[in-house]
Ligand code: SF4
């Protein structure tokens, strides 16, 4: 099967400006590769500052990459003409964490949804009927048509944002922590709506979150990021049943579990990992996780481990699994 999107050796470095010259770079994303197939949800997870949000925005070229390739439907996004870029902007959408800041407070729901439709020259026979159908598909209705964003709850605003991006019939959607600002009960509703829409329309999602439980619920495959690198990629159930990278094991042990014995075991494992993530300005040499890793060997400090296949569709970047 052809992937909808392929990311090859993507890098995004942000310069740190000094008074007269550049003092260094924040290596937010540093040579990552993965692909997402049609109708698939690929979850990207990691601690705050690991580069997952930058990855999502760079793929859509909301931020220009420093290096690497982004292939969308077989074509290199970096070489798109102005027209192709406009079409890409329609087909590849993003849903942000805070919908309020992306909804114009002076526009009604009808105008919010119709504005991008007009911009992209999409012909609609009956705009009112078109918008009502979209609202119904995300759990709102015609009563909401001429209301303003401030009249809605956080969950409802996220539904409006969803209806707006669906109006453009996208193929690929970056969901950047779409529910992390919402109450738990509302979160579940939005996540279920996203899943239902995917089943109905075959959407392809990149789902970004720091919450492993939510990522597991949503994703077919998961990529674990640490300090700008992808350290493990695998099917969602395999990552949870058999996490291979010590960092993934640490993340998993931080999820609350109802079983006290298991919780104790996971807590003990977590304690084995030391400290906070280092700065992405001067990341550690070799494996970036080595200052925190209880299994670090001499080679880990010097050489970066390659991402190797350990079992079907399951890859890990760790010297415990790679040959030096
Ligand atoms: Fe730990 Fe070495 Fe594996 Fe890095 S490569 S996670 S330091 S064992």
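Numbering (this note's numbering), first residue to last: 412 to 735.
The beta-carbon is built from N, C-alpha and C at its ideal position, and this holds for glycine as well.
Note that the coordinates shown come from a computational prediction; the quantities given were computed from them, not determined experimentally.
Query: Since residue 444 is in the beta strand (DSSP E), which residue starts that stretch and which ends it?; Result: 433 to 448
Query: Note the first and the last residue of the continuous alpha helix (DSSP H) segment covering residue 647.; Result: 647 to 652
Query: Taking residue 720 as part of the alpha helix (DSSP H), name the residues at either end of that continuous run.; Result: Segment 718 to 722 is the beta strand (DSSP E) holding residue 720; no alpha helix (DSSP H) there.
Query: According to DSSP, is residue 503 part of a helix, a strand, or is it coil?; Result: strand
Query: Please list, in chain order, all residues of the same chain as residue 559 whose beta carbon is under 7 Å from its beta carbon, the five residues on each side excluded.; Result: 516, 519
Query: Measuring CA to CA, which of 433, 427, 463 is closest to residue 444?; Result: 463
Query: Who are the near neighbours of residue 466 in its chain, counting only those whose CB is closer than 6 Å to its CB and skipping five residues on each side?; Result: 440
Query: Where does residue 523 fall in DSSP's three states?; Result: helix
Query: Taking 7 Å as the limit between beta carbons, can you name the residues of its chain near residue 712, skipping five residues before and five after?; Result: 696, 697, 701
Query: Just the Cα atoms here: how many angstroms apart are residue 477 and residue 487?; Result: 15 Å
Query: If we ignore side chains and look at the alpha-carbon of each, how far apart do residue 461 and residue 468 end up?; Result: 14 Å
Query: What is the rounded straight-line gap between the Cα of residue 615 and the Cα of residue 419?; Result: 18 Å
Query: Assuming residue 584 and residue 454 are in contact, meaning their beta carbons sit under 8 Å apart, how far apart are those beta carbons, in whole angstroms?; Result: Contact flag wrong, Cβ pair sits at about 13 Å.
Query: For residue 657, is the beta carbon positioned less than 8 Å from some heavy atom of ligand 1?; Result: yes
Query: For residue 682, count neighbouring Cβ atoms within 10 angstroms of its own Cβ and tell me buried if that reaches 16, exposed if not.; Result: Bear in mind that a pLDDT of 47 at residue 682, under 50, signals an unreliable position, so the number given afterwards is only what the model happens to contain. Exposed, by the Cβ-count rule.
Query: With hydrogens ignored, establish whether the beta-carbon of residue 706 is closer than 8 Å to any heavy atom of ligand 1.; Result: yes
Query: In chain order, which continuous runs of the beta strand (DSSP E) of length 3 or greater are located wholly inside the stretch 599 to 635?; Result: 615 to 620
Query: Is the stretch 497 to 506 in contact with the stretch 546 to 556, if contact means three or more CB pairs nearer than 8 Å?; Result: no
Query: Which word fits residue 475, buried or exposed, when buried means at least 16 other C-beta atoms lie within 10 angstroms of its C-beta?; Result: exposed
Query: Three or more C-beta pairs closer than 8 Å, one from the stretch 604 to 619 and one from the stretch 577 to 593: is that the case here?; Result: yes
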